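Asker: For reference, the structure I am asking about is given below.
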Amino acid sequence: MSTRENWRKSSYSGGGDGNACVEIATHPTRIAVRDSKTPTRATLTFQPSAFTTFLETLKSPHSTAR
Numbered sequence: 005m006s007t008r009e010n011w012r013k014s015s016y017s018g019g020g021d022g023n024a025c026v027e028i029a030t031h032p033t034r035i036a037v038r039d040s041k042t043p044t045r046a047t048l049t050f051q052p053s054a055f056t057t058f059l060e061t062l063k064s065p066h067s068t069a070r
């Protein structure tokens, strides 16, 4: 999952070159997340169901992950 065309940035990545954000790459069995400022460093990898739970937790009004 390291080829450039597999990675995409959020539409909320901001102005300029938009590298103040995270990027994701999807595959049927996993979803990878990386920092767009340092794309060659480590990535987080989730199973699709775990990624969904991760996003739902971040969106929760009671989440402390903000």
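Numbering (the working numbering), first residue to last: 5 to 70.
Think of the CB as a built atom: it goes at the ideal place given N, C-alpha and C, for glycine as much as any other residue.
Here the structure is a predicted model, which is why all the values come from computation and not from measurement.
Could you tell me which of L59, Y16, F55 and I28 sits nearest to A46, measuring between CA atoms?
Answerer: The option with the nearest alpha carbon to A46 is I28.
Asker: Could you say which of E60, S40, H66 and T56 lies nearest to Y16 if we only look at CA atoms?
Answerer: S40
Asker: Look at T49 and V37 and say whether their C-beta atoms are less than 9 Å apart.
Answerer: yes
Asker: As an exercise, report each continuous beta strand (DSSP E) stretch of at least 3 residues that is fully enclosed by the region 19 to 54, in chain order.
Answerer: Counting only runs of 3 or more, we get 26 to 31, 34 to 39 and 48 to 50.
Asker: Can you tell me the Cα-Cα spacing of P32 and P52, whole angstroms?
Answerer: 8 Å
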